[in-house]
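Scroll down for the structure; my scribbles are underneath it.
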Amino acid sequence: MDSTNSSKSSLYLFVVLAFVGVLVYLPLAGKMGYYKDDWFLIFDAHTQGAQFFHEIYKIDRPARAYVMQFVYSLFGDRVIYYHLSAYLFRLLASWSLFWALDMIWPKYRKPNFLIALLLLIYPGFLSQFNPIDYQAQLLSLCLAIASIAFTVKAIKAQIPGPRLAWVGLSILTGIIYPALVEYMLGLEILRLSFIAQIVAQENNSAPKEFIKKVSRLWLPFISAPIIFLVWRFFFFETERRATDLGAQFGQLFASPLTGLWWLVNWIQDAFRVVLLAWVVPYYNLAFNLRLKDFLTGMGLAVVVVLLVLTGLLGVRKWNSVTFADETDSGWKKQILLTGILTALLALFPVIMVNRHADFGDYSRYTLASAAGAGMIVTVFVLSISSARLRIAFIAMLVFVASFTHYANAAHAAQETENVRDFWWQVAWRAPDIQPGTTLIANYPVGAIQEDYFVWAPANFIYYPEKQSAVPIKIKLPAAVLTDEVVLQILAGKGEETPLRRGNELTRNFGNILIMTQASENACVRLIDGSSPDLSIRDPQKILLIASNSKLDNVLTSEDQRMPPASIFGDEPEHDWCFYYQRADLARQRGDWDEVARLGAEAEKLGLHPNDQIELMPFLQAYAFLGDQKQVKGISTRINTQLFYQEQACNHLKAMGDQGYPLSAKMQSHVDELFCK
3 MDSTNSSKSS LYLFVVLAFV GVLVYLPLAG KMGYYKDDWF LIFDAHTQGA QFFHEIYKID
63 RPARAYVMQF VYSLFGDRVI YYHLSAYLFR LLASWSLFWA LDMIWPKYRK PNFLIALLLL
123 IYPGFLSQFN PIDYQAQLLS LCLAIASIAF TVKAIKAQIP GPRLAWVGLS ILTGIIYPAL
183 VEYMLGLEIL RLSFIAQIVA QENNSAPKEF IKKVSRLWLP FISAPIIFLV WRFFFFETER
243 RATDLGAQFG QLFASPLTGL WWLVNWIQDA FRVVLLAWVV PYYNLAFNLR LKDFLTGMGL
303 AVVVVLLVLT GLLGVRKWNS VTFADETDSG WKKQILLTGI LTALLALFPV IMVNRHADFG
363 DYSRYTLASA AGAGMIVTVF VLSISSARLR IAFIAMLVFV ASFTHYANAA HAAQETENVR
423 DFWWQVAWRA PDIQPGTTLI ANYPVGAIQE DYFVWAPANF IYYPEKQSAV PIKIKLPAAV
483 LTDEVVLQIL AGKGEETPLR RGNELTRNFG NILIMTQASE NACVRLIDGS SPDLSIRDPQ
543 KILLIASNSK LDNVLTSEDQ RMPPASIFGD EPEHDWCFYY QRADLARQRG DWDEVARLGA
603 EAEKLGLHPN DQIELMPFLQ AYAFLGDQKQ VKGISTRINT QLFYQEQACN HLKAMGDQGY
663 PLSAKMQSHV DELFCK
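Each residue of the sequence shown is one higher than the one before, counting from 3 in the working numbering.
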């Protein structure tokens, strides 16, 4: 293939990779919001300014602060741009790998493309939809692969000036990428492997001479990780044990069994990243979709498959050889060895810090090994003798990876919608919340793993003001409902003041407010501990602590707070839950006429609850106002659950003690309906 056709072929495949990335990562980007750690990162930057990232990351990865400060200055709170940059970093990493492979093995263009493609769409990394927190990881991967490509280019360059420039770029990016994410250092084995392949191609030296030549070429580039490691071990003091390399090595020397467990976990993780990544995430995600999302995901995956196959066939315009013609046993051995070393040794830093690669919260640890996994899988594919089976297997891999990423994004989009809806309902219900109230929340979808999943959105709505002091005081703290927290709440006392990444919380377990949404189709309920409305679908822990919730922390006389649209999206349509929240607020105010008016308006609009416990404010209003017909009508729905019937009986009996006594006639009526 001449140089002109070679350039056209490369450009063509670069474009194919770009379009594949768009179809795999961006179809639902506009529907995905903040997720997990994104919440507190954006809250801190939004309220304190982009420079606050230095406070956040000073304990473990200070270089990341400069990246996030720059990125936030560009993108602000607009999450769509973070999705676009995350896609761009994945694409640039794929392009860089293709470029490096093409410089070493220029005659193996289609296999090189396949390896780069598998890196791009690798389905083991499932945090792509978490783009703010994972900007640094994706940029680190991009810079690591780019640094390796610059190394290859520098070695191949014949003119001293350009060669020196490529060496400089390689070293610079080689210093930056581990400073962002230290466990990416395992990718240095890919650099060394590529250097060894270049030396092996140029001459057949004796082993001793071969090692000398490889070492001589490697020496300038190994300076980058050495500079980082010297800084990390001898000049930087981390406050986080998971990133304290000295502490982790100390465990190894303290117990020989630690090394054995590292080996076991290493083998398990290698098996996951190379093989299970193509099966387990697909199985876990694809079959839990709504029908519409399932069909859309299938359609998009088919389009991606057709695009990839068209791309491979299109290369024949410049190069008519087939996969079988391009590859030989020697090339396969070289790629397989490189892939195995990369997949294994890229995991080593992860194992050293006592972490494991999985397909849940730790899927980020699969990312460094993705290039090696792609090489191993490519060799396997090209070992299939039948051309039809080979193409079918490629199509299957692309389909599975594409569908997995779409399903992952669909779940994230659904969770975004639910979390936004949750907080819009809270804003409708609570004009303001007393500072110092400890929030306990239950989301209908997605586990609340960290307290900032709750306090960050709450403070975005109620206390988004900038603070001058560091650390900043979180006005509305929150707690994850662990067994220990449940016991402290039941005891009704106890405080703790955790300080985490520049955010200080004071949790008072004797002063909590519970917010719970039993299912996606139910409404959020702010629990009044003196007379709680509890759903049959509430978690057991919520039922256990419900009586400790203090509703008077909701300040009913304040002006209504509106969640910022840039964070929570536009205000949802006023469905049943809007009327329920406004009625529940009116109930707290003792405005029973307003509750009845809202009930009549909702009924006129044909709105009804999916969880009958949400009828309780209206039942109490109609009972207080003496409307026996409405009380009778609601009873037929409340009494479908004995649990709700018992609550109705207790709530109506307690109204007199709360200053809203029922008439004797109504009391007799409700006793007959609910208390027998």
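All C-beta atoms in this analysis are idealised placements derived from N, C-alpha and C, irrespective of residue type, glycine included.
The structure presented is a predicted model; accordingly, all values stated were derived computationally and were not measured.
Coarse secondary structure for residue i, derived from DSSP in three states
{"i": "F382", "result": "helix"}
{"i": "L556", "result": "Sequence check: residue 556 is Val here, not Leu. It is a strand residue."}
{"i": "S129", "result": "coil"}
{"i": "A480", "result": "strand"}
{"i": "H85", "result": "helix"}
{"i": "M105", "result": "helix"}
{"i": "E616", "result": "helix"}
{"i": "P708", "result": "Beyond the ends of the chain as shown, which are 3 and 678, falls residue 708; an answer cannot be given."}
{"i": "Q632", "result": "helix"}
{"i": "M564", "result": "coil"}
{"i": "M1", "result": "In this structure the chain extends from 3 to 678, so residue 1 is not present and cannot be described."}
{"i": "R92", "result": "helix"}
{"i": "H413", "result": "helix"}
{"i": "N641", "result": "coil"}
{"i": "M354", "result": "helix"}
{"i": "P283", "result": "helix"}
{"i": "D363", "result": "coil"}
{"i": "R80", "result": "coil"}
{"i": "S404", "result": "helix"}
Exposure label - residue i; buried when at least 16 CB within 10 Å
{"i": "M564", "result": "exposed"}
{"i": "K23", "result": "Per the sequence presented here, residue 23 reads as Gly, with Lys not at that position. Buried: at least 16 other Cβ atoms inside 10 Å."}
{"i": "L143", "result": "buried"}
{"i": "M186", "result": "buried"}
{"i": "G362", "result": "exposed"}
{"i": "S665", "result": "exposed"}
{"i": "L483", "result": "buried"}
{"i": "F235", "result": "exposed"}
{"i": "Y285", "result": "exposed"}
{"i": "N523", "result": "exposed"}
{"i": "K214", "result": "exposed"}
{"i": "I538", "result": "exposed"}
{"i": "R589", "result": "buried"}
{"i": "Q562", "result": "exposed"}
{"i": "S322", "result": "For S322, the pLDDT reaches just 48, beneath the cut-off of 50, and the residue's location in the model is therefore unreliable, leaving the point undetermined."}
{"i": "E486", "result": "exposed"}
{"i": "Q336", "result": "buried"}
{"i": "P566", "result": "exposed"}
{"i": "F676", "result": "buried"}
{"i": "L492", "result": "exposed"}
{"i": "M398", "result": "exposed"}
{"i": "H610", "result": "exposed"}
{"i": "T638", "result": "exposed"}
{"i": "A118", "result": "buried"}
{"i": "A656", "result": "exposed"}
{"i": "V232", "result": "exposed"}
{"i": "T312", "result": "exposed"}
{"i": "F273", "result": "exposed"}
Check: residue i C-beta below 7 Å from any heavy atom of the ligand SAM
{"i": "P283", "result": "Ligands in the displayed structure: none, and consequently the ligand SAM is not present."}
N-terminal and C-terminal residue of the alpha helix (DSSP H) that residue i is part of
{"i": "H671", "result": "A666 to F676"}
{"i": "I61", "result": "That residue, I61, is in no alpha helix (DSSP H); it is neither H nor E in DSSP."}
{"i": "Q649", "result": "L644 to A656"}
{"i": "V305", "result": "L293 to G316"}
{"i": "D40", "result": "D40 to Q50"}
{"i": "W594", "result": "W594 to K606"}
{"i": "L119", "result": "R111 to L122"}
{"i": "Q53", "result": "It is not in any alpha helix (DSSP H) - Q53 carries neither H nor E in the DSSP assignment."}
{"i": "L346", "result": "S331 to L347"}
Minimum Cβ-Cβ distance from residue i to chain B less than 8 Å
{"i": "W268", "result": "Structure shown: chain B not included; a single protein chain is present."}
Exercise. Is the segment 380-391 touching the segment 126-138, taking contact as three or more C-beta pairs under 8 Å?
Worked result: no
Exercise. Okay, do the segment 276-283 and the segment 375-382 touch, 3+ Cβ pairs below 8 Å being the bar?
Worked result: yes
Problem set entry | Complete runs of the alpha helix (DSSP H) confined to the segment 426-478 [at least 4 residues] | 454-464
For this session: Could you tell me which uninterrupted alpha helix (DSSP H) segments, each at least 4 residues in length, are contained entirely in the segment 484-552, listed from first to last along the chain?
Result: 485-493 and 542-547
For this session: Pick out the complete alpha helix (DSSP H) segments inside the segment 124-180, 4 residues or longer, and give them in chain order.
Result: 137-158
For this session: Pick out the complete alpha helix (DSSP H) segments inside the segment 174-240, 4 residues or longer, and give them in chain order.
Result: 190-204 and 209-236
Exercise. Looking at C-beta atoms only, is the number of pairs between the segment 49-59 and the segment 502-519 that lie closer than 8 Å three or more?
Worked result: yes
Problem set entry | Cβ pair count under 8 Å reaching 3, the segment 110-122 against the segment 39-47 | no
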